[in-house]
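Colleague: Per my numbering, residue 76 is the first one in the sequence shown, and the count goes up by one each step.
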Amino acid sequence: MIGKKARRPAQSAAHALPVMARVAPARVARHLPKLKECFDDATDAGKDGLVRTFAGLCTASVAYQKRLEDVLNKALRETDAKTLIAWTEVVLPAL
76 MIGKKARRPA QSAAHALPVM ARVAPARVAR HLPKLKECFD DATDAGKDGL
126 VRTFAGLCTA SVAYQKRLED VLNKALRETD AKTLIAWTEV VLPAL
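1) Taking one C-beta from the stretch 79-96 and one from the stretch 115-132 each time, how about it: are there three or more such pairs within less than 8 Å?
2) By the three-class DSSP mapping on this structure, what secondary structure does S136 have?
3) Locate the alpha helix (DSSP H) running through A81, then write down its first and last residues.
4) Between L92 and the rest of its own chain, which residues show a CB-CB distance below 6 Å, the 5 nearest in sequence each way excluded?
5) Using a 10 Å radius around the Cβ and a threshold of 16 neighbouring Cβ atoms, would you call V137 buried or exposed?
6) Helix, strand or coil: which one does DSSP assign to L143?
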């Protein structure tokens, strides 16, 4: 859903996933390969939701940090300056 180009479903998933990652990280982590795979095709809102989701998982466990470090580095490297500031405030405390 978050990797689709349809705007509303992607926005809904982008808002729900970070909350789910904090409440039930193991349930979200089950879908981690698919979430990482769809990051490149996601809308801007979808990418924002995925970064916040990945940061929530990193906060939950060091094991997730190791699995998500590459996609978070890529996200921070490829984003614009305005988004970079917001994402840095979310990602750096999680790592």
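Where a beta carbon is used, it is the ideal one built from N, C-alpha and C, also for glycine. A quick note: this is a predicted structure, and the numbers were derived from the prediction, not measured.
Modeller: Taking the structure as given:
1) yes
2) coil
3) That residue, A81, is in no alpha helix (DSSP H); it is neither H nor E in DSSP.
4) G124 and T128
5) exposed
6) helix
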